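Chemist: Residue numbers (the numbering used here): -5 to 282.
Think of the CB as a built atom: it goes at the ideal place given N, C-alpha and C, for glycine as much as any other residue.
Bear in mind that the values here come from a model prediction, so they are computed numbers and not experimental data.
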Ligand code: 3HC
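Here it is as structure tokens:
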């Protein structure tokens, strides 16, 4: 089946990046969020990102406008009904995702593929909430989605080879490199990235070094584009904590325990760039 229409659920940082990327590559996109206001904010981020790409000469002003014109905002799940692919990018809450997938399964056509952008939750369990587990898959994009070339593709226990092949082809059609991994906690990306970030938080917690010093070591010493603490602020400290907890619960291994300082920042509402404060202070103007 030729997929031309995609619904993206969730107009946050990841969802709006995913919607933008599909729209830039000629797909009709429905960008859904629970309220018109959230969806409109997502569209604002997409507009800003397209302007940035156009100003850099990466795309023309016409391409930028055409991408915007392909995106329709929605606050009702019924609008997903005729999409060949749905990509869910809602918050990292397993029960919420299972409820959403149950609802999507009821509303979408029988051939539709239901993908989740979860960063670490089990695809197999999300799939089991539907009557089409063979058509449920993980499509894990990296932030910022329009820039990062990777999509981690995760087949659940019952995902079919056809679904895997279709989703790999779709990833290629939007200019990404698909890497297939198995459905275990954190997949590959966050199983390796998050313990590194958590260890960087421990280095601050234990007074080994200040955040700036930790980040400089990793930037200048390891050629990382961002230090781990700046990256944690960029991803969101609540997301980092949730992923550490998924790793700890999924493997039952204390080596994945979250640093108490990470937990305390989340308790304080210091979630990183999106709240203006994390390991660094971003001021009001940086808030997403
Ligand atoms: N939209 C469009 N373009 C963007 C963009 C956005 N949101 N953000 C950055 N860009 C573009 C810039 O326009 C620029 O384009 P150019 O190469 O043509 O000049 C390019 O990306 C680089 O941006 P900047 O010059 O502004 O800044 P940097 O050189 O510092 O790059 C960065 C920014 C791409 C974010 C870089 O710092 C980076 O790669 N950081 C690491 C990102 C990373 O590790 N992401 C993965 C996070 S983990 C994840 O997402 C998984 C999840 O489950 C937790």
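DSSP three-state label for residue 242, please.
Modeler: helix
Chemist: Going by the DSSP bridge assignment, what does residue 82 pair with across the sheet?
Modeler: 3, 110
Chemist: At the level of alpha carbons, what is the spacing between residue 202 and residue 196?
Modeler: Put simply, the backbone Cα of residue 202 is about 8 angstroms away from that of residue 196.
Chemist: Taking the alpha helix (DSSP H) that residue 77 belongs to, which residues open and close that run?
Modeler: Unbroken run through residue 77: none, as it is neither H nor E.
Chemist: Which term fits residue 74, buried or exposed, when burial requires 16 or more other beta carbons within 10 angstroms of its beta carbon?
Modeler: buried
Chemist: Does DSSP classify residue 227 as helix, strand or coil?
Modeler: helix
Chemist: How far does the alpha helix (DSSP H) with residue 38 in it extend, from its first residue to its last?
Modeler: 30 to 49
Chemist: Looking at residue 42: is its Cβ nearer than 8 angstroms to the Cβ of residue 25?
Modeler: no
Chemist: Write down the C-beta distance between residue 157 and residue 132 rounded to the nearest angstrom, noting that I regard them as a contact closer than 8 angstroms.
Modeler: The pair is not a contact, with the Cβ atoms about 11 angstroms apart (cut-off 8 angstroms).
Chemist: Would the C-beta of residue 19 count as close to ligand 1, meaning under 7 angstroms from any of its heavy atoms?
Modeler: No.
Chemist: Do residue 36 and residue 58 have their C-beta atoms closer together than 8 angstroms?
Modeler: no
Chemist: Please report the straight-line C-alpha distance between residue 82 and residue 51, rounded to a whole angstrom.
Modeler: 31 angstroms
Chemist: Return the chain-ordered list of same chain residues with a C-beta closer than 8 angstroms to the C-beta of residue 289, the five sequence neighbours on each side being excluded.
Modeler: Since the first and last residues shown for the chain are -5 and 282, residue 289 lies out of range.
Chemist: Going by the beta-carbon positions, is the gap between residue 241 and residue 260 smaller than 8 angstroms?
Modeler: no
Chemist: Using only the heavy atoms of ligand 3, determine whether one of them is closer than 7 angstroms to the beta carbon of residue 138.
Modeler: What this structure holds is ligand 1, not ligand 3.
Chemist: Secondary structure at residue 135, three-state DSSP: helix, strand or coil?
Modeler: strand
Chemist: At a threshold of 7 angstroms, does residue 143 count as lining ligand 1 (C-beta to nearest heavy atom)?
Modeler: Not one heavy atom of ligand 1 sits closer than 7 angstroms to the Cβ of residue 143.
Chemist: Taking 6 angstroms as the limit between beta carbons, can you name the residues of its chain near residue 284, skipping five residues before and five after?
Modeler: Within the shown structure, residues of the chain are numbered from -5 to 282, placing residue 284 beyond reach of any answer.
Chemist: Hey, how far is the Cα of residue 1 from the Cα of residue 218?
Modeler: Whole-angstrom Cα-Cα distance: 33 angstroms.
Chemist: Determine whether the beta carbon atoms of residue 252 and residue 239 lie at a separation below 8 angstroms.
Modeler: Closer than 8 angstroms, so yes.
Chemist: Could you please give me the residues that DSSP links to residue 274 through a beta bridge?
Modeler: DSSP output for residue 274 lists no bridge partner at all.
Chemist: At the level of alpha carbons, what is the spacing between residue 4 and residue 189?
Modeler: 27 angstroms
Chemist: How long is the line joining the alpha carbons of residue 192 and residue 8, rounded to whole angstroms?
Modeler: 21 angstroms
Chemist: Decide yes or no for the touch test of the stretch 16 to 24 against the stretch 83 to 94: beta carbon pairs closer than 8 angstroms, at least 3 of them.
Modeler: Too few Cβ pairs lie closer than 8 angstroms, so no.
Chemist: Tell me the residue span of the alpha helix (DSSP H) that contains residue 171.
Modeler: Note, residue 171: premise wrong, no alpha helix (DSSP H); beta strand (DSSP E) at 171 to 176.
Chemist: Starting from residue 22, trace the alpha helix (DSSP H) both ways and give me its first and last residue.
Modeler: Looking at the DSSP string, residue 22 is not in any alpha helix (DSSP H); the run it does join, the beta strand (DSSP E), is 22 to 26.
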